[in-house]
Structures are given as structure tokens and as C-alpha cells.
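A.B. asks: So for the sequence shown, my numbering puts the first residue at 352; every next one is plus one.
Just so you know, even glycine gets a beta-carbon here, dropped at the ideal spot from N, CA and C.
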Amino acid sequence: MAPYHGSVTGDAVMMTEYETTLLIRPDLGGDVVEGTLDRVRSVMAKGGKLLEINHWGRRRLAYDIAKFSRGLYVYVRYIGPNDLVAELERQLRISDAVLRYMTVKIASNIDPESREAKEYVRPTYEFDDSAANDANDEE
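1. Considering Cα atoms alone, identify which of Glu385, Tyr424 and Asp382 is closest to glutamate 370.
2. Quick one: what's got a C-beta closer than 8 Å to proline 377's C-beta in the same chain, skipping five residues either side?
3. Using C-beta distances below 6 Å, list every residue in its chain close to serine 459, excluding the 5 sequence neighbours before and after it, in chain order.
4. Give the secondary structure of leucine 379 by DSSP, where H, G and I count as helix, E and B as strand, and everything else as coil.
5. With methionine 395 and isoleucine 461 assumed to form a contact (beta carbons below 8 Å), what rounded beta-carbon distance in angstroms separates them?
6. Short of 6 Å in beta carbon distance, which residues of its chain neighbour arginine 428, apart from the five on each side in sequence? Order them along the chain.
7. Can you give me the Cβ contacts of proline 463 inside the same chain, cut-off strictly under 6 Å, excluding the 5 residues immediately before and after it?
8. As an exercise, report each continuous alpha helix (DSSP H) stretch of at least 4 residues that is fully enclosed by the segment 367 to 417, in chain order.
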């Protein structure tokens with residue numbers, strides 16, 4: 352991905368703020384979900400700023416998607432150029448863990464320094480692979 356060549360005001364590079372909601376397969380363990388989020392983080396490292404990752408948990412779907420009636424929702428908010436969104440969506444399309452995603456533009460001409468990033472805290476997953484491995488090690 353090429354470096355961002357967007358609007359520049361003074362010394363600040365102005366970017367666009369986006370939010371992407373991911374719908375991840377509910378049968379996957381925590382390590383697989385975190386691997387998918389690591390893909391998101393690696394794309395953001397190429398020219399964007401990750402502001403927030405918020406797990407909404409497993410929820411019932413309005414209709415079945417790929418024979419799943421539930422899904423794990425994850426909300427991601429970030430700042431970056433248009434080509435960053437294209438790369439993120441390409442990575443999400445490639446991933447077998449992602450059932451659906453939707454990206455919405457929130458605001459334009461945002462100074463990345465004006466937005467504060469929230470620290471990510473890994474949630475406890477119902478079917479966490481690492482917890483299952485720890486239980487097997489104790490036996």
C-alpha cells in the first residue's frame with residue numbers, strides 16, 4: 352500500500368475517520384478471533400491509527416448466514432486514508448472467520464493527533480482456545 356498523500360493543512364495530515372463492524376463466526380475460539388483482529392491491527396500499522404476495538408459479544412442474527420444463527424460482533428473505529436479501508440476490506444474478504452463486515456465513514460479531514468486511542472483489553476471468550484489448553488495441561 353502506498354503512503355498516504357491526502358490533504359495537508361500546515362504540518363498536519365488530515366485523514367478520514369471510519370468505523371467497521373465485523374460479524375465473526377460464533378464457533379471459533381478466542382485465539383482465532385484475536386488472529387483476525389491482529390490482521391486488522393497489521394493493516395492499521397500501514398498508515399492508519401486504530402482508535403478502538405470493542406467486542407459486542409455473541410448475538411442472534413436476524414437471519415441465518417452460512418448456516419449460523421448467531422455471530423460474534425466486533426466494532427472497530429480508526430482513522431486512515433481511503434486505500435487503507437480498501438486493504439482492510441480485502442483482508443476481511445480473505446478471512447474465513449469473517450461472515451460479514453460493514454464500513455461507514457464517520458468524519459472527514461480529521462487530524463490523527465486530535466483523536467485519542469483507547470487501550471485494547473482482550474475479553475474472555477466462551478470457547479477460548481488458550482483456556483481449553485490450560486485445562487488440558489492441568490490434567
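C.D. replies: Taking the coordinates as given:
1. Tyr424
2. Arg409, Phe419, Arg421, Gly422 and Leu423
3. Close CB contacts of serine 459 within its chain, under the 6 Å cut and outside five residues either way in sequence, are with Thr367 (chain order).
4. coil
5. Cβ atoms of methionine 395 and isoleucine 461 stay farther apart than 8 Å, at about 15 Å.
6. The answer, listed in chain order, is Glu370, Leu402 and Glu403.
7. Met366, Lys400 and Ile430
8. 381 to 395
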